[in-house]
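Chemist: The numbering of the sequence shown is my numbering, which starts it at 16 and goes up by one.
Positions of the beta carbon are idealized from the N, C-alpha and C atoms, including for glycine.
All values derive from a computational prediction rather than experimental measurement.
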Amino acid sequence: MRIKEEIGMNNSTGILMVEAIELIKRYDNIYLVSHVQPDGDNIGSTLALAKAIEKFKGGIKVIKVDDIPSDYQFLPGIDMIKNYDINEPIDLLISLDSSDLNRLGLGKEFARKAKRVINIDHHITNDNFGDINIVSPSSAATGEIVYEFIKKMAVDIDKDIATCLYTAISTDTGSFIYSNTTYKTHLIVAELLKVGIDVETININLYQNRSMARTKLFIDSMNSLETYLEGKVGVIAVTQEMLKAYDAKMEDTEGLISFVRGIDSIEVACLLKEIDKNEVKVSLRSKKRIDVSRICNKFNGGGHIRAAGCTINERLPVTKDIILEEILMNFR
Ligand code: AMP
Ligand code: MN
Ligand code: MN
16 MRIKEEIGMN NSTGILMVEA IELIKRYDNI YLVSHVQPDG DNIGSTLALA KAIEKFKGGI
76 KVIKVDDIPS DYQFLPGIDM IKNYDINEPI DLLISLDSSD LNRLGLGKEF ARKAKRVINI
136 DHHITNDNFG DINIVSPSSA ATGEIVYEFI KKMAVDIDKD IATCLYTAIS TDTGSFIYSN
196 TTYKTHLIVA ELLKVGIDVE TININLYQNR SMARTKLFID SMNSLETYLE GKVGVIAVTQ
256 EMLKAYDAKM EDTEGLISFV RGIDSIEVAC LLKEIDKNEV KVSLRSKKRI DVSRICNKFN
316 GGGHIRAAGC TINERLPVTK DIILEEILMN FR
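1) Using C-beta distances below 6 Å, list every residue in its chain close to Asn345, excluding the 5 sequence neighbours before and after it, in chain order.
2) Out of curiosity, what's the CA-to-CA distance linking Ser308 and Glu340?
3) Tell me which residues share the same chain as Val283 and place their Cβ nearer than 6 Å to its Cβ, disregarding the 5 neighbours each side in the sequence.
4) When the Cα atoms are used, what is the spatial distance from Asn25 to Lys259?
5) Just the C-alpha distance for Leu286 and Ala228, rounded to the nearest angstrom, thanks.
6) State the Cα-Cα distance for the pair Asp54 and Ser239, rounded to the nearest angstrom.
7) In angstroms with no decimal places, state the Cα-to-Cα distance between Thr197 and Glu159.
8) Determine the direct distance from the alpha carbon of Ile184 to that of Ile58, and round the result to whole angstroms.
9) With 16 other CB atoms within 10 Å as the buried threshold, where does Lys303 fall?
10) Measure the CB-CB distance between Asn195 and His50 and report whether it falls below 8 Å.
11) With burial defined as no fewer than 16 other Cβ atoms inside 10 Å of the residue's Cβ, what is the status of Gly324: buried or exposed?
12) Which stretch, first to last residue, makes up the alpha helix (DSSP H) that contains Val214?
13) Can you give the beta carbon distance from Ser153 to Asp136, rounded, assuming they're within the 8 Å contact cut?
14) Report the CB separation of Ile105 from Asn44 in whole angstroms; it is logged as a contact under 8 Å.
15) In chain order, what residues of the same chain lie with their CB nearer than 7 Å to the CB of Lys174, ignoring the 5 residues before and after it?
16) Give me every residue whose Cβ sits closer than 6 Å to any heavy atom of ligand 3, in chain order.
17) Only counting runs of 3 or more residues, tell me where the beta strand (DSSP E) segments fall wholly within the stretch 53-100, in order along the chain.
18) With H, G and I counted as helix, E and B as strand and the rest as coil, what does DSSP make of Val204?
19) Using the Cα positions of Tyr193 and Asp100, report the straight-line distance between them to the nearest angstrom.
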């Protein structure tokens with residue numbers, strides 16, 4: 016009993032959840048939406064809530080806005096994520112793990128059309144774009160908030176839902192080692208394990224399932240590592256040419272940036288992903304000191320203190336100069 020109280024969110028979040036559940040009860044055409052370049056927290060939270068709403072009242076749809084990385088194909092309910100016609104009637108849109116509407120890609124149009132938008136997220140840079148904003152930056156993953164939300168709905172957390180929530184929380188905390196991990200994280204995950212999920216299989220799927228293509232890309236891009244400020248800043252790049260050479264996809268860069276941050280001298284790790292000739296996706300990670308969400312915010316991106324991203328519409332070498340200048344300024 017005491018544990019349950021400790022896990023719970025604060026009062027105002029609880030009230031917002033009740034209001035959001037009222038909207039779910041009231042409306043018929045309800046959509047959930049993933050974000051562009053979806054990660055484990057996004058896919059896991061979305062599927063968990065989709066399955067819970069399915070049990071609660073049925074009829075939920077999940078809009079696909081981008082390709083789902085192979086890492087998450089094992090998740091129960093993954094086939095629920097589909098393409099939908101914008102001309103279908105839409106009453107309520109629920110967004111998970113997105114700090115702003117642009118992160119929803121084509122989901123932004125669905126949001127514009129919806130009568131109401133519920134925004135559930137944990138990014139410090141969230142701009143409160145919803146009619147109801149359940150934003151909790153102290154939560155390690157959106158999956159933690161969704162856990163509370165499903166509890167509030169009084170829907171039983173079954174193995175499928177628990178598997179999705181475990182994936183969400185494990186991936187966003189780097190298997191419970193990042194600084195966003197709290198005692199609440201562990202209390203929630205303990206509850207998920209109680210349900211009897213197959214943690215061994217989930218973890219093999221998530222972390223011990225790397226393809227040879229991804230491995231070769233990993234080795235090649237590590238060779239591109241450049242360091243600055245006596246090794247405090249590390250930059251690596253993945254180009255379209257490299258992807259072609261190994262028959263890999265951009266999602267195969269997963270894990271690269273954490274590896275760079277893992278170098279002893281590194282405080283800020285930077286990964287530059289060449290999406291197109293004039294479009295580079297920048298990922299930043301920091302270890303202890305620098306707030307990288309502030310850096311990415313300057314380029315209309317966002318994220319968290321220790322993990323953030325943005326897109327810069329320049330060629331790769333120009334992007335590198337721009338972002339490096341900003342990173343180095345933060346060390347002064
Ligand atoms: P990434 O480097 O893409 O793994 O992203 C790190 C964190 O920053 C994640 O929590 C993302 O949701 C967030 N993020 C990445 N890119 C953006 C962006 N363009 N706008 C807002 N948040 C972002
Ligand atoms: Mn995400
Ligand atoms: Mn997240």
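Modeler: This is what the structure holds:
1) Ile305
2) 15 Å
3) Val248, Ser301, Ile305 and Ile342
4) 49 Å
5) 18 Å
6) 25 Å
7) 11 Å
8) 11 Å
9) exposed
10) no
11) buried
12) Val214 to Tyr222
13) That belief does not hold up - the Cβ atoms of Ser153 and Asp136 are roughly 12 Å apart, past 8 Å.
14) 5 Å
15) Val210, Gly211 and Ile212
16) Asp56, Asp112, His137, Ala156, Thr157 and Asp187
17) 76-78
18) helix
19) 39 Å
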